[in-house]
Every structure is written in structure tokens, then in C-alpha cells.
Amino acid sequence: MASTPDLEQRRAALEAIADEIRQCTLCPLYTGRTHAVPGYGRVDADILFVGEGPGYHEDQQGLPFVGQSGHYLDELLGKIGLTRAEVFITNVVKCRPPNNRDPLPLEIDTCTTTYLHRQIAIIQPKVIATLGRFSMGLFFPPNARITRIHGQPHRADGRIYYPLFHPAAVLRNPNLRPDMEADFKRMLDLVAAAQPEVPPPDEPEDEPPPRQLSLF
Ligand code: SF4
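All residue numbers for the sequence shown refer to this note's numbering, where the first residue is 56 and numbers rise by one.
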């Protein structure tokens with residue numbers, strides 16, 4: 056099917072951001088990278104996954120979630136009938152922290168304010184699924200604990216934020232698998248329940264609002 060002009064413009068805007076990321080020197084992480092990892096997927100994806108940062112394989116290939124965690128993410132997507140080409144996958148920081156250390160607050164602030172928030176504005180996902188505590192920390196209160204709030208969607212800014220474990224954490228602790236898989240299974244219901252940011256123009260104004268999803 057042919058792309059609409061709007062979709063073409065959005066795709067071009069997203070690719071322009073990816074080009075900026077590949078040349079970025081705004082934080083110290085650029086010094087150790089082989090490749091920056093802007094993200095991968097549909098420009099109009101309903102679901103945006105936000106992980107932590109590239110690891111060794113991602114840094115080598117310039118693509119997100121291509122190591123063991125990525126294989127597990129593909130497996131989880133497959134269980135709900137999706138492929139990575141039907142969603143968008145990116146990270147809090149786009150360059151690999153040395154020795155896979157945690158990204159620092161300055162690195163997270165710089166990268167998300169410069170790139171992630173612009174990517175979100177273009178993609179306009181209905182659901183932002185956070186993978187692990189660093190991306191959860193962008194959208195949930197600082198005292199939130201992933202073990203307590205995983206799988207509990209929160210509606211804000213016209214979309215649903217959905218905290219999930221990081222796939223690597225589940226691979227390290229297989230006891231988390233049933234929870235992770237149950238959380239994934241709810242994802243399509245959340246997409247269906249998410250409200251569009253702007254109602255369709257032909258929607259009658261006096262129509263009662265659609266039933267709200269009970270989020271907690
Ligand atoms: S992590 Fe983000 S802000 Fe830092 S150099 Fe890479 S692209 Fe730039």
C-alpha cells in the first residue's frame with residue numbers, strides 16, 4: 056500500500072533524527088561507541104518500546120535488541136502475533152555505556168531531551184512500553200519499583216504508559232517469565248483501549264465518550 060504524504064514526512068523526520076544520532080557528540084558516551092543505535096520499526100507504530108541502552112551486539116550492528124534480550128523480545132512479540140517491524144524499538148540512551156554500566160543522569164537527560172522525546176512526537180504511539188527501570192524512570196515517579204508496578208498501565212498525555220521488566224532481567228531470573236508473558240498478553244488490549252490524541256474529524260461532538268479503560 057502506498058504511503059500517505061504525512062507518513063512520508065514523518066518517516067523523513069525520523070530518519071533525520073537518526074542521522075543526527077549517528078553523528079552526535081553531545082554526551083561522553085559517543086567516545087566509546089562503534090555505532091549509535093537510533094531505533095528500529097514503524098514510523099506510525101501503535102507500540103513504542105523503550106529499553107535502557109545498546110549492549111555489545113547492538114553497538115556492533117547499530118540496531119536495537121539484537122542480542123539474547125532481543126531474541127527474547129522477538130519471542131514475546133510473536134506470542135501476541137507481532138513482529139518487531141510492526142512496533143518501534145529504541146532506548147533511553149542511543150550509545151553503549153562502557154562495559155554496559157548504567158547510564159548516568161546527565162547522559163539520560165541529554166539523550167532523551169534531544170532525541171527520544173522528538174521520536175515520540177513523530178511516532179505518536181498509543182502505548183509506550185518501558186523495558187526496565189531506566190526507561191520506567193522517565194515516565195513514572197522516582198520511587199516506583201518495577202517489581203511492584205510492572206504490568207500496571209498508566210494513562211497520561213493521551214496515551215498509555217506500560218512498565219515492563221527488561222528482557223535481560225527476565226533471562227537472568229526465569230522466575231519472572233510468567234509475569235513478563237502475562238504483561239505482554241495485555242498489550243493489544245491496551246492498544247485497543249488507548250484513545251487517539253485527536254478525535255477523528257467526522258466524530259459527532261455530542262456522542263458520549265468511549266468507555267475508559269480501568270487502568271489499576
Ligand atoms: S548517548 Fe545520546 S546524547 Fe550521548 S552521544 Fe549518544 S546519541 Fe548523543
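Think of the CB as a built atom: it goes at the ideal place given N, C-alpha and C, for glycine as much as any other residue.
Here DSSP, grouped into helix, strand and coil, assigns residue 167 to helix. Spatial neighbours of residue 161 in its own chain (CB-CB distance under 8 Å, excluding positions within 5 residues in sequence) are listed in chain order as 82. Ranked by Cα distance from residue 149, the options 127, 247, 213, 113 are led by 113. Taking a C-beta distance under 9 Å as the contact criterion, residue 107 and residue 209 do not qualify as a contact pair.
Inclusion of residue 88 in the 8 Å shell around the ligand SF4 follows from its C-beta lying nearer than that to a non-hydrogen atom of the ligand. Around the CB of residue 205, 16 or more other CB atoms lie within 10 Å, so the residue is classed as buried. Taking 9 Å as the cut-off, the beta carbon of residue 185 is found closer than this to the beta carbon of residue 218. One Cα belongs to residue 134, the other to residue 235, and the distance between them is close to 12 Å. Per DSSP, the continuous alpha helix (DSSP H) segment holding residue 226 begins and ends at 222–227. Contact annotation: residue 76 and residue 91 have beta-carbon atoms nearer than 9 Å.
Under the criterion of beta carbons closer than 8 Å, residue 190 and residue 147 qualify as touching, at roughly 5 Å.
In the structure shown, residue 182 falls within a strand segment according to DSSP collapsed to helix, strand and coil. For residue 102, the enclosing beta strand (DSSP E) has its first and last residue at 102–106.
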